[in-house]
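Participant:
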Amino acid sequence: MGGGSPRSSTTAFGLSQTVSLLMEIRGVGIGKTSFTRRVYSSYLVALETLKTSCNRSSDLKSAMDEAGTKNEHIVVTTNFT
Numbered sequence: 071m072g073g074g075s076p077r078s079s080t081t082a083f084g085l086s087q088t089v090s091l092l093m094e095i096r097g098v099g100i101g102k103t104s105f106t107r108r109v110y111s112s113y114l115v116a117l118e119t120l121k122t123s124c125n126r127s128s129d130l131k132s133a134m135d136e137a138g139t140k141n142e143h144i145v146v147t148t149n150f151t
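The opening position of the sequence shown corresponds to residue 71 in my numbering, with each subsequent residue numbered one higher.
Written as structure tokens, this is what we have:
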């Protein structure tokens with residue numbers, strides 16, 4: 071996951087054989103409406119991401135190692151509407 075902008079940290083990290091996650095939670099302009107629910111939802115997403123990463127750490131390491139051995143040009147494109 072990442073943003074469409076090359077300045078997005080998740081995009082930059084992803085291009086350097088690292089794992090990154092961009093979480094965006096609705097909240098701009100709505101003040102404290104559903105604040106507790108939004109914070110808890112963010113917590114659950116982060117927690118489950120960490121659990122899955124830990125449970126599949128060997129798969130992640132293998133994928134990153136494999137990506138690091140390739141010397142190919144990669145073109146990343148996006149088509150946001």
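For each residue, glycine too, the CB sits at the ideal point set by N, CA and C.
Ordered along the chain, which non-local residues of its own chain (more than five positions away) have a Cβ less than 6 Å from that of Ile95?
Facilitator: Contacts found: Arg108 and Ser112.
Participant: Does the stretch 113 to 121 come within contact of the stretch 130 to 139, defined as at least 3 CB pairs closer than 8 Å?
Facilitator: They do not touch, by the three-pair rule.
Participant: Under a CB-based cut-off of 8 Å, is Lys121 close to chain D?
Facilitator: Among the chains in the structure shown there is no chain D, since it carries only a single protein chain.
Participant: Leaving aside the five residues before and after Phe83 along the sequence, list all residues of the same chain whose C-beta is less than 7 Å from its C-beta, in chain order.
Facilitator: Here the set comprises Ser90.
Participant: Pick out the complete alpha helix (DSSP H) segments inside the stretch 117 to 142, 4 residues or longer, and give them in chain order.
Facilitator: Listed in chain order, the complete alpha helix (DSSP H) runs (minimum 4 residues) inside the stretch 117 to 142 are 127 to 139.
Participant: Going straight from the alpha carbon of Leu85 to that of Leu114, what length do you get?
Facilitator: Cα to Cα, the separation comes out at about 26 Å.
Participant: Which residues in the same chain as Met93 place their Cβ atom closer than 8 Å to its Cβ, once the five residues preceding and following it in sequence are excluded?
Facilitator: The answer, listed in chain order, is Ser112, Val115 and Ala116.
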